[in-house]
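Visitor: These protein sequence lines are chains A and B, in that order.
Start counting the first sequence at 1; every next residue gets the next number (our numbering).
Start counting the second sequence at 1; every next residue gets the next number (our numbering).
Below is a structure I'd like to ask you about.
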Amino acid sequence: MPSQMQYLLDNPERVLELTWDHIQLVGVAILVATAIGVPLGILIHRVRWLQLPVLNLSGLLYTVPSLAFFAILIPYTGIGKTTATTALAVYSLLAIVRNTSAGLDEVDRASVDAANGMGMTAFQRLRLVELPLALPYILTGIRIATVAGISIAAIAAVIGAGGLGRLIFDGIRTVDANRIIAGSIMCILLALIADFGIGRLSLLIRRDLRASAERGS
Amino acid sequence: MLGNKDPLDFIDYIRDNPDKFWTLFNQHMTLVIYAVIIGLVIAVPLAILTSRISWLEKPMTWISNIGQAIPSLAVLALMLPWLGIGFKPSLFALSILAILPIFLNTLVGIQSIDASVVDAANGMGTSDAQLLRMVQLPLAMPFMFAGIQTAVVQSIALATLAAYIGGGGFGDWILQGLAVRNFPILLAGAVPVALLAMAAEILLGGIRRLVVPKGLTVQ
Chain A
1 MPSQMQYLLD NPERVLELTW DHIQLVGVAI LVATAIGVPL GILIHRVRWL QLPVLNLSGL
61 LYTVPSLAFF AILIPYTGIG KTTATTALAV YSLLAIVRNT SAGLDEVDRA SVDAANGMGM
121 TAFQRLRLVE LPLALPYILT GIRIATVAGI SIAAIAAVIG AGGLGRLIFD GIRTVDANRI
181 IAGSIMCILL ALIADFGIGR LSLLIRRDLR ASAERGS
Chain B
1 MLGNKDPLDF IDYIRDNPDK FWTLFNQHMT LVIYAVIIGL VIAVPLAILT SRISWLEKPM
61 TWISNIGQAI PSLAVLALML PWLGIGFKPS LFALSILAIL PIFLNTLVGI QSIDASVVDA
121 ANGMGTSDAQ LLRMVQLPLA MPFMFAGIQT AVVQSIALAT LAAYIGGGGF GDWILQGLAV
181 RNFPILLAGA VPVALLAMAA EILLGGIRRL VVPKGLTVQ
């Protein structure tokens, strides 16, 4: 084992605690962003003229450097987790909104017609037909947002939000490569696991959808 | 909590310190422009090479995907123990990170060209260099441009973080504002850099629409 891994091996509890912190931070932000982003995606799918302004605005917000975003929020939401979660949720919105509306756009016209022909209400059609068919796209949005969020959350440690960024910033302050490496490796691992896990999930759902289409149910 | 001054006082703070403002602006932009140029010089040949040597494709895409999972803060932080603090380690980190989006986009651009177009060019007797110069690169240009746009916006964000390892730029004011708990200084760094990033996105988007032929636009 290279000496760079020493911090990880010597302080497994500390590293795990910060990792759990990190997961919570990103998890809450993604939940908030999904709760806002999916309805917003449905809205801009239905109300076409809203699509361009909403996507452009969230695209523009996405370009704001995270450190600046945190700084601008601090006078209003203070130092700590609230500010970090707010900024992370705003960053995640873009991918989730865009993928939700794209997924709904991709739903086969025939499926929509069939649902209408069966006498479904607009809400039933959305819940039973359109959203399940768009789910793989929505999950892709969530996957992209989660991987990016894990990287951005590392920066949130500077405003006291905790997480693996603590190790990296402590490492910078004490010029200790071992801590920086420990924090970075855990971040990369988290990102790769999230990427693989959510990717796997959407693959399973896709397969399930295809299977039920073949059964004709 | 942070100081009790009105956050909007940051405008006065900038007005009172114009020299410092332009110094930070210059440091910030120098980092961004050099990083993107270095990124371009490395990424484009690398993408061309990868598109021609088929066994390179898989490992290179794999490396790039892992590369995108590495937190940018970590790349910057890791320069510190090895290269110390200042402009050079910051530029080094920014350049490494600028390579990724340009490389991936250029590669996808070349790969997405219809095989029949390449066949037609070969059938007309183009040499390998001609094929690249007259067919593949022009057709891959919209993708390449999208990659450059991403690299610029991303570099503006990273240059803000570079203040942590002594790279200068607007991050200096943000760090100072955080350290002495002063809203105006904090926002004097944060607001300009946020506007800078948005302006770059809009400007480069506009240039892309002007330069890239309509039939070649990518979303």
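We put the beta carbon where it would ideally sit given N, CA and C, even for glycine.
What you are looking at is a predicted structure, and each value in this text was computed from that prediction instead of being measured.
Over the uninterrupted alpha helix (DSSP H) stretch that includes A/Thr174, give me the two end residues.
Guide: Position 174 of the first sequence, counting from 1, holds the residue named residue 174 of chain A. From DSSP, A/Thr174 is part of no alpha helix (DSSP H); its letter is neither H nor E.
Visitor: Give the residues of chain A in contact with B/Leu204, contact being defined as C-beta atoms less than 7 Å apart.
Guide: For the purposes of this step, residue 204 of chain B is identified with residue 204 of the second sequence, where counting begins at 1. Within 7 Å Cβ-Cβ: nothing; B/Leu204 doesn't reach chain A, min ~10 Å.
Visitor: Tell whether a beta-carbon distance below 8 Å holds between B/Gly156 and B/Leu203.
Guide: Taking the second sequence and counting its residues from 1, one reaches residue 156 of chain B at position 156. Taking the second sequence and counting its residues from 1, one reaches residue 203 of chain B at position 203. Here residue 156 of chain B is Ile; the residue named in the question, Gly, does not match the sequence. No, these two residues do not count as a Cβ contact at 8 Å.
Visitor: Output the distance between the C-alpha atoms of B/Val108 and B/Leu186, rounded to the nearest integer angstrom.
Guide: Here the question's residue 108 of chain B lines up with position 108 in the second sequence. Here the question's residue 186 of chain B lines up with position 186 in the second sequence. Roughly 40 Å separates the two Cα atoms.
Visitor: To the nearest angstrom, how far is it from the Cα of A/Ala122 to the Cα of A/Asn99?
Guide: Here the question's residue 122 of chain A lines up with position 122 in the first sequence. Here the question's residue 99 of chain A lines up with position 99 in the first sequence. Rounded to whole angstroms, A/Ala122 to A/Asn99 spans 21 Å at the Cα level.
Visitor: Mind checking if A/Gly171 is an interface residue toward chain B, Cβ cutoff 8 Å exclusive?
Guide: Position 171 of the first sequence holds residue 171 of chain A. For A/Gly171, the answer is yes, since a Cβ of chain B falls inside 8 Å of its Cβ.
Visitor: Using the Cα positions of B/Ile53 and B/Ile110, report the straight-line distance between them to the nearest angstrom.
Guide: Position 53 of the second sequence, counted from the start, is the residue given in the question as residue 53 of chain B. Position 110 of the second sequence, counted from the start, is the residue given in the question as residue 110 of chain B. Cα to Cα, B/Ile53 sits roughly 13 Å from B/Ile110.
Visitor: Which residues of the region 174 to 201 of chain A have a Cβ closer than 8 Å to any Cβ of chain E? Give them in chain order.
Guide: Protein chains in the displayed structure are A and B, and chain E is not among them.
Visitor: Between the C-alpha atoms of B/Ile99 and A/Gly199, what's the straight-line distance to the nearest angstrom?
Guide: As a position in the second sequence, residue 99 of chain B is number 99, starting the count at 1. As a position in the first sequence, residue 199 of chain A is number 199, starting the count at 1. So the alpha carbons of these two residues sit roughly 25 Å apart.
Visitor: Flag A/Ala71 as yes if its beta-carbon sits less than 8 Å from any beta-carbon of chain B, otherwise no.
Guide: Here residue 71 of chain A refers to the residue found at position 71 when the first sequence is read from its first residue. Cβ-Cβ to chain B under 8 Å: yes for A/Ala71.
Visitor: For B/Leu94, tell me which candidate among B/Arg133, B/Ala163, B/Leu49, B/Thr61 has the shortest Cα-Cα distance.
Guide: Mapped onto the second sequence, residue 94 of chain B falls at position 94. It is B/Ala163 whose Cα lies nearest to the Cα of B/Leu94.
Visitor: Tell me the rounded alpha-carbon separation between B/Ser90 and B/Val36.
Guide: The sequence position of residue 90 of chain B within the second sequence is 90, counting from 1. The sequence position of residue 36 of chain B within the second sequence is 36, counting from 1. Distance from the CA of B/Ser90 to the CA of B/Val36, rounded to the nearest whole angstrom, comes to 13 Å.
Visitor: Looking at the structure shown, is B/Ser116 part of a helix, part of a strand, or coil, going by DSSP?
Guide: Translated into the one-based positions of the second sequence, residue 116 of chain B becomes position 116. Three-state DSSP puts B/Ser116 in a helix.
Visitor: In chain order, what residues of the same chain have a beta carbon less than 8 Å from the beta carbon of B/Asn122, not counting five sequence neighbours either side?
Guide: Position 122 of the second sequence holds residue 122 of chain B. Correct list, in chain order: Leu131.
Visitor: What's the call for A/Arg179, buried or exposed, on a 16-neighbour Cβ count within 10 Å?
Guide: By 1-based counting over the first sequence, the position of residue 179 of chain A is 179. Counting Cβ neighbours within 10 Å, A/Arg179 comes out buried, since at least 16 surround it.
Visitor: Enumerate, from N- to C-terminal direction, the unbroken alpha helix (DSSP H) stretches of 4 or more residues contained entirely within the region 18 to 87 of chain B.
Guide: 18 to 52, 54 to 69, 72 to 83
Visitor: For A/Ile72, count neighbouring Cβ atoms within 10 angstroms of its own Cβ and tell me buried if that reaches 16, exposed if not.
Guide: Working through the first sequence from its first residue, we reach residue 72 of chain A at position 72. It counts as buried.
Visitor: By Cβ distance below 8 Å, which residues in the same chain neighbour A/Ala148 in space, the five residues on each side in sequence not counted?
Guide: Along the first sequence, one-based indexing puts residue 148 of chain A at 148. So the qualifying residues of the chain are Tyr91, Ser92, Ala95.
Visitor: Rounded to the nearest angstrom, how far is the Cβ of B/Val153 from that of B/Ala194, given a contact under 8 Å?
Guide: By one-based count along the second sequence, residue 153 of chain B stands at place 153. By one-based count along the second sequence, residue 194 of chain B stands at place 194. Not confirmed; about 11 Å, so no contact.
Visitor: Check B/Thr126 in the structure and name its three-state DSSP category.
Guide: What you label residue 126 of chain B is simply residue 126 of the second sequence in a count that begins at 1. The answer is coil: DSSP assigns B/Thr126 none of H, G, I, E or B.
Visitor: Suppose contacts are defined by Cβ-Cβ distances below 8 Å. Is A/Ala115 in contact with A/Arg125 by that definition?
Guide: Here residue 115 of chain A refers to the residue found at position 115 when the first sequence is read from its first residue. Here residue 125 of chain A refers to the residue found at position 125 when the first sequence is read from its first residue. Yes, the pair counts as a contact, with Cβ atoms nearer than the cut-off.
Visitor: Does A/Gly165 have its Cβ less than 8 Å from a Cβ in chain B?
Guide: The residue given as residue 165 of chain A occupies position 165 in the first sequence. Yes, A/Gly165 lies at the interface with chain B (some Cβ there is under 8 Å from its Cβ).
Visitor: Mind checking A/Glu214: buried by the 16 CB within 10 Å criterion, or exposed?
Guide: Stepping through the first sequence from its first residue, residue 214 of chain A is reached at position 214. Within 10 angstroms of the beta-carbon of A/Glu214 lie fewer than 16 other beta-carbons, which makes it exposed.
Visitor: By Cβ distance, which residues of its chain are closer than 7 Å to A/Arg210, with the 5 residues on each side in sequence left out?
Guide: The residue you call residue 210 of chain A lines up with position 210 of the first sequence. Excluding residues within five positions, none has a Cβ falling inside 7 Å.
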